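A.B. asks: Under this note's numbering, think of the first position of the sequence shown as 16, with each following residue one higher.
Heads up, the beta-carbon is just placed ideally off N, CA and C, and yes, glycines get one too.
Note that the structure is a prediction, hence the values are computed from the model and not measured.
First, the structure itself, so that you have it in front of you.
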Amino acid sequence: MKAFVAGATGETGRRIVQELVQRNIPVRALVRDLEKGRQILPAEAELVVGDVLQLESLKAAIADSTVLLCATGASPSFDPTGPYKVDYEGSKNLVDAAKATGIEQFVFVSSLCTSQFFHPLNLFWLILVWKKRAEEYLQSSGLPYTIVRPGGLKNEDNSDRIVMASADTLFDGSIPRTKVAQVCVESLFQSTARNKIVEIVAKPEAPVKPFEELFASIA
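Spelled out as structure tokens, the structure:
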């Protein structure tokens, strides 16, 4: 297995890279700025320069990777086209590049509530709408996929337990990014994670369950 991570310098992406490195999985991290990538990411990660908005650069960057994890996301800005370009066009390019290079599994970090049009996050240039469109494009691509929809993201880890549910059943809650990274990487090893949407939050009162059981419980 060789993992390719898009959005690698983002808060969630860098934790995915760290999780892969900890498991001794070779990782190629897509960065736009090599120097920034070197400062943020583990030395064991191979950094490749590319842009999700440039399809040809992605094919070259993915190269011989076998699995792809996408943790890209538009940064808050005054650019109304940001979420359309990054969350939809960029994700679409990644799917197309993954198909062209023979990627065996595509793990996509999305968000809770992508099916709710009247959600406050859509005030940020329809960000959930474009994430949902990207989900649908991935689902129709023929690539084996796992779509991970986390609740509100926290930078600090905690001892809360992961709660996993099927699509459009969780509507609030939060989860540390470290746990999101664990779910994403674990989905590469669980056959029952294939071709599923999983919604995740973390709760202190939730029972401890192994990942096998969590993924297997999702229809």
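Might you give, ordered along the chain, the residues of its own chain that have their beta carbon closer than 6 Å to the beta carbon of tyrosine 99, omitting 5 neighbours on each side?
C.D. replies: The residues are Trp145.
A.B. asks: What does DSSP give as the partner residues of glycine 167 in its beta bridges?
C.D. replies: Partner(s): Ser189.
A.B. asks: To the nearest whole angstrom, what separates the beta carbons of arginine 30 and alanine 23, a pair I think is in contact under 8 Å?
C.D. replies: Not confirmed; about 10 Å, so no contact.
A.B. asks: Considering just the uninterrupted stretch of the alpha helix (DSSP H) at glutamine 37, what are its terminal residues?
C.D. replies: Glutamine 37 -> alpha helix (DSSP H) spans 26–37.
A.B. asks: Below 6 Å CB to CB, which residues in the same chain sit around arginine 38 once its five sequence neighbours on both sides are set aside?
C.D. replies: For arginine 38, where only same-chain residues beyond five positions count, there are no Cβ hits under 6 Å.
A.B. asks: Going by DSSP, what residues sit across from cysteine 199 in a beta bridge?
C.D. replies: DSSP lists no partner for cysteine 199.
A.B. asks: In the structure shown, what three-state DSSP assignment does threonine 161 receive?
C.D. replies: Strand.
A.B. asks: Look up glutamine 120 in the DSSP assignment and say whether it is helix, strand or coil.
C.D. replies: Strand, per DSSP.
A.B. asks: Reducing DSSP to helix, strand and coil, say where valine 144 ends up.
C.D. replies: Reduced to three states, the DSSP call for valine 144 is helix.
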